[in-house]
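> My questions all concern the structure below.
There are 2 protein chains.
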Amino acid sequence: MAETSTPRTDVSQTNAALSNPRADLESLDELERRLFSLRYAIDEIGSLGPVIDPPRATEERAEALAELERQRAQTLSNPLVGGVLERLGKCPELLSDTQKAQLRVLGRDRDELVRVPADEQAAFSRLTCEAEDVWRRAKAASDWESFAPYLDRIVAARVNMAKERDGGRDPYDVWLDDFEPGCDRAFYDTFFSQVKDVVVPLLADCSASRHQPSRACVEGSFDVERQWALARDLVRLEGVDEDALWLGRTEHPFTGGPSTGFVLIAGHVHEDDVLSNAFTMLHEGGHALYEQGVDPAYRYTSLKGGTSMGMHEAQSRFFENYVGRSEAFARPLLDALARHFPGRFARVTPRQLYLAENRAEPGLIRTEADELTYPLHILVRYEIEQLLFSGEATAADVPRLWAEKYRAYLGVEVPDDARGALQDTHWANGEFGYFPTYALGSAFGAQLRHAMVAGGVDLEGACAAGDLAPVRDWLRERIWRWGRAKDSFELIRDACGEVFSPTYYTDYLAEKFSALYRLGA
Amino acid sequence: MAETSTPRTDVSQTNAALSNPRADLESLDELERRLFSLRYAIDEIGSLGPVIDPPRATEERAEALAELERQRAQTLSNPLVGGVLERLGKCPELLSDTQKAQLRVLGRDRDELVRVPADEQAAFSRLTCEAEDVWRRAKAASDWESFAPYLDRIVAARVNMAKERDGGRDPYDVWLDDFEPGCDRAFYDTFFSQVKDVVVPLLADCSASRHQPSRACVEGSFDVERQWALARDLVRLEGVDEDALWLGRTEHPFTGGPSTGFVLIAGHVHEDDVLSNAFTMLHEGGHALYEQGVDPAYRYTSLKGGTSMGMHEAQSRFFENYVGRSEAFARPLLDALARHFPGRFARVTPRQLYLAENRAEPGLIRTEADELTYPLHILVRYEIEQLLFSGEATAADVPRLWAEKYRAYLGVEVPDDARGALQDTHWANGEFGYFPTYALGSAFGAQLRHAMVAGGVDLEGACAAGDLAPVRDWLRERIWRWGRAKDSFELIRDACGEVFSPTYYTDYLAEKFSALYRLGA
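Taken in sequence, the protein lines are chains F and E. My numbering puts the first residue of the first sequence at 2, with every later residue one more than the last. My numbering puts the first residue of the second sequence at 2, with every later residue one more than the last.
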């Protein structure tokens, strides 16, 4: 019917206007397929490398990754691509919502690269690949000296790249914004000050309390192979799709995802700490759920994968803490532990397990930190990164700064660099501005938790039953499926019906730990 | 001194001539780095995929591989690359021997691609990735019907690609030449007829002999995990560099090599056949030694890796048969078996093991075949491939043809397709023309063995001592280090001081099996 009412001239005009965008839309698809394949290769080679590759693989792997990164950068920064994105941006009426989101994300990815020469990107990739290897050996030997020159070189390279990208902006702000679009030092300074104002006195009160939770019920030695079987059971319980999962072993646990059908989790088991493994798995499983939960329609586009480090961390911490360390979940967790270690947990109650897993104890290792002290570990790193980027400190100062800040915020003495500034792999990988997203993610997660419960999900019931389908459904619908099509702050606003606020996080911590330690009781 | 005798005009002319080649040499290096990274990605993703990826990874992996293949093809077939190769080819005086070899190999790789459209290459990669998955399930269910349509499509695609590449040539000849430069049906027809003339009557004599070697000493059940430990021990004994090795588990054993520092061996253990595992490992280890032994100077060039399938197979069969199944090596092999299965081999003599491992027995499974019957398994496949490519047969005819030829050459009845035409993965991967190289490789190996001994290497002593360093040194110097810088027939000629002759192979088989079966005794 529309045909009869549409004059022929309009049709031919539309065709003329379409002719160019049609070719541009084909170019967009071709670009996305190429980027998909390069990301796939970089993710698989980069993720598996440190986990399965033999020692002599390092040098050639570094070269391959640098070259693939260079091709990704060259592809994105090609002026022809700029033209396609620009022309398509002028015809929003021809674009689906997905294509509009692709343009936005591609434009941003392109902006990140176009001002940094491809050779420099490649050299940086090579440097960090080498540094990762040096760091691994430095950590094993607790030898800061061998790693320090690499840290200085990596910081210098990062400062330089930030200046090339936006000379008018503070270099550290550039990287903070990369890991979490919309964030800078001003934002994080405010955020961390709110967190510190609550957590530091709360931790002091907990430490002073007469009611110290005991970890006795989870102490002792736990067979490593049984722990690996437990690990697999826990990601299954969490609802990770095992048909799209590879589970491996590494020094520093992580989750990677070449594709929505191929997510990698590498864990680490400590014979003397069964809970460490359990919560690592719930944490990494949360990352895996996010990757697997992205709309399959996005899989060959730049919208594939989580939207930011902070939102990724929100999912992992949701399952680690808001599910995993809840009192309700202590029952199914205890059942899982008892299944793999028959007899060992016969006399343990869910309440005892809940207390044991939530003991707030200032420690040295970030990845082993409890929920309350965790953001203080992040604060130390955030402050040191600022000093390195402002030039107020160099790598040589880091062990001293580390020791001072751990003493000041956590009240612990750092005995060596392996348990100090060498504990994390992030700096070796050039990932400055990443750590703050861990704390921010907890705050995102707390707000999501509040909105989920306010929206009618029986979170406690789901945890108690060990059936997390309602939790996954809520998060998949509001967060996961969107991939990179929405930024974190937009996701939070749409999912929660209000803008981001760290109060849900600090309120949650205050309530939980006041009850646990019977403060004011 | 030369300067004074060289007129200025000559120098400036040389400079003018150099200005272009210099840029071209830089382009050559850039091209090689890019190809290296794409090959690295394709090899790692493609090799590890079927071994470690979860089931849902298949579709996206296929897409990633197809797209990476497309980029490799686009890179090589770019007309600018053709110009660079052509211009450099005209200035041999400016090129090192390595660069000359690069030009030759790149030119050949380019010729293989330039006439086949990139989209067709990508579609083929996607088709075989899917077919590999279908084949896996078809084999498990012994269901030829489900795989047959894929085989017809793959053959049709291969015929079409061969015609695009060289319309004046028989399509099957094109692929035979790809896997082994210089070979065609005429060559292989002669080769196989020589082999058949010796092997078929020899096998008949062996079968009729009163002296049948017994396998009793290696029969029974052998713990799978202990067999994996044995597998690692055997590649170590063979001299594979474990710091550049990843050892995994798969259905169909293979060796892959993203880089000289990262070689992958995937093996397969049968609980009821400990020798199968042992010789698979020695075989794959031979491939690994070749990959690891290439001149490190070649690692970022197209000269990296083995020169052809036939020469690769020569190395694997050298270590599997000419070392592994020799009487001298029975002692160190028996020691290894006894270490991993204490008590089981206490009463076995090296002579008994030697007889057990060399029993010539017509069977159904190529990869389990003994040295004597092996080329007959290849002959069946070679003849069927010819029929498929000439159009005289389609996939529907294959089970019948398979049964007829196994009856005729090997005297065995094929009970089902899993133990028939579905046993190998090659056709699912589109690798027609590959099988004949297995038999040719044995013949290459036999000639190398003869030359090595004639050249003064104490092969028997090295085998008896379980120290294969002299064998490796001889092969590394003459074969491995050259990578793709020389073709097989050139390598054979340079290593052996004469052109290729299959007589060394047939003489070896006749001598070995006549003695084993005491023929004419």
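Yeah, the Cβ is synthetic: ideal placement off N, Cα and C, and Gly gets one too. Computed from a predicted structure; not experimentally measured.
Using 10 angstroms around the beta-carbon of Thr374/F, count the other beta-carbons present and answer buried if the total reaches 16, otherwise exposed.
The residue in question, Thr374/F, is buried, as its Cβ has 16 or more Cβ neighbours within 10 Å.
> Which residue comes first and which comes last in the beta strand (DSSP E) that contains Leu246/E?
Here the beta strand (DSSP E) through Leu246/E covers 246-250.
> Output the distance between the C-alpha atoms of Thr507/E and Ala232/F, rounded to the nearest integer angstrom.
Their Cα atoms are separated by approximately 56 Å.
> Please confirm if Asp153/F has its CB atom under 9 Å from at least one CB of chain E.
Output row for Asp153/F: interface = no.
> Going along chain E in order, which residues have a C-beta closer than 7 Å to the C-beta of Ile53/F?
By Cβ distance, chain E contributes Trp247.
> I think Leu492/F touches Thr308/F, with their Cβ atoms under 8 Å apart; what is that distance to the nearest whole Å?
About 7 Å; that satisfies the 8 Å criterion.
> For the segment 239-300 of chain F, list the alpha helix (DSSP H) runs that are entirely contained and at least 4 residues long, ordered along the chain.
The qualifying runs are 275-294.
> Measure the CB-CB distance between Ala163/F and Tyr173/F and report whether it falls below 9 Å.
Closer than 9 Å, so yes.
> In chain order, what residues of the same chain have a beta carbon less than 6 Å from the beta carbon of Leu469/F, not counting five sequence neighbours either side?
Closer than 6 Å at Cβ, skipping near neighbours: Gly240, Ala463.
> Please state whether DSSP places Pro363/F in a helix, a strand or coil.
Reduced to three states, the DSSP call for Pro363/F is coil.
> Apply the 10 Å Cβ neighbour rule to Glu94/E and answer buried if 16 or more other Cβ atoms are within range, or exposed otherwise.
Exposed, since its Cβ has fewer than 16 Cβ neighbours within 10 Å.
> Just list the alpha helix (DSSP H) runs in the segment 333-401 of chain F, keeping only unbroken ones of 4 residues or longer that don't cross its boundaries, in chain order.
The segment 333-401 of chain F contains these whole alpha helix (DSSP H) runs: 351-358, 375-391.
> Quick one: residues in its chain with C-beta nearer than 6 Å to the C-beta of Leu246/E, no 5 flanking neighbours on either side, listed in chain order?
Within the same chain, Leu246/E has close Cβ partners Val264.
> Which chain E residues are close to Gly262/F, counting only those with a beta carbon under 9 Å from its beta carbon?
Residues of chain E passing the Cβ test: Asp54, Pro55, Pro56, Arg57, Ala58, Thr59, Glu60, Glu61, Arg62.
> Check Asp508/F in the structure and name its three-state DSSP category.
Asp508/F falls in the helix class under three-state DSSP.
> Quick one: grab the DSSP three-state call for Trp428/F.
Coil, per DSSP.
> Can you confirm whether Pro259/F, when its beta carbon is compared against all beta carbons of chain E, has any partner nearer than 9 Å?
Closer than 9 Å to some Cβ of chain E, the Cβ of Pro259/F qualifies, so yes.
> Flag Ser38/F as yes if its beta-carbon sits less than 9 Å from any beta-carbon of chain E, otherwise no.
Closer than 9 Å: yes.
> Taking contact to mean 3 or more Cβ pairs, one atom from each stretch, closer than 8 Å, check whether the segment 449-467 of chain F and the segment 316-331 of chain F are in contact.
Short answer: they touch.
> Check whether the segment 290-301 of chain F and the segment 255-264 of chain F are in contact - that is, three or more C-beta pairs closer than 8 Å.
Yes, the segment 290-301 of chain F touches the segment 255-264 of chain F.
> If you compare alpha carbons, which of Arg109/E, Glu64/E, Thr281/E, Arg105/E is closest to Ser126/E?
Out of Arg109/E, Glu64/E, Thr281/E, Arg105/E, Glu64/E has the C-alpha closest to the C-alpha of Ser126/E.
> Answer with buried or exposed for Val200/E, where buried requires no fewer than 16 other C-beta atoms within 10 angstroms of its C-beta.
Flag for Val200/E reads buried.
> Could you tell me the alpha carbon to alpha carbon distance between Asp134/F and Asp144/F, rounded to whole angstroms?
Distance between the alpha carbons of Asp134/F and Asp144/F: 13 Å.
> Beta-carbon within less than 6 Å of Pro437/F's beta-carbon, same chain only, minus the 5 sequence neighbours each way: which residues are those?
So the qualifying residues of the chain are Tyr189, Tyr383.
> Return yes when the Cβ of Trp136/F is within less than 9 Å of the Cβ of Thr426/F, no when it is not.
Their beta carbons are under 9 Å apart, which means Thr426/F touches Trp136/F by this criterion.
> Does the Cβ-Cβ distance between Tyr439/E and Arg318/E come in under 9 Å?
Taking 9 Å as the Cβ cut-off, Tyr439/E and Arg318/E qualify as a contacting pair.
> Do the CB positions of Leu517/F and Cys218/F come within less than 9 Å of each other?
Not in contact: Leu517/F and Cys218/F (Cβ atoms no closer than 9 Å).
> Rounded to whole angstroms, what is the Cα-Cα separation between Pro214/F and Asp179/F?
Their Cα atoms are separated by approximately 40 Å.
> For my contact list, Ala452/F and Gly498/F are in at a C-beta cut-off of 8 Å; report their separation, rounded to the angstrom.
About 7 Å; that satisfies the 8 Å criterion.
> Given a limit of 9 Å on CB to CB distance, which residues of the segment 213-232 of chain E reach chain F?
From the segment 213-232 of chain E, no residue has a Cβ closer than 9 Å to chain F.
> Starting from Pro437/F, trace the alpha helix (DSSP H) in both directions and tell me its first and last residue.
First-last of the alpha helix (DSSP H) with Pro437/F: 436-455.
> Determine the direct distance from the alpha carbon of Leu304/F to that of Glu314/F, and round the result to whole angstroms.
Roughly 18 Å between the two C-alpha positions.
> With 9 Å set as the bound, which would you pick, yes or no: does the beta-carbon of Ala42/E sit closer than that to a beta-carbon of chain F?
Yes, because at least one Cβ of chain F sits closer than 9 Å to the Cβ of Ala42/E.
> Going straight from the alpha carbon of Gly325/F to that of Leu338/F, what length do you get?
Straight-line Cα distance between these residues: approximately 13 Å.
> Identify which residue in Glu131/F, Ala142/F, Lys140/F, Ala119/F has its Cα closest to the Cα of Ile155/F.
Cα-wise, what sits closest to Ile155/F is Glu131/F.
> With three or more beta-carbon pairs closer than 8 Å as the criterion, would you say the segment 51-64 of chain E touches the segment 247-262 of chain F?
Yes, they touch.
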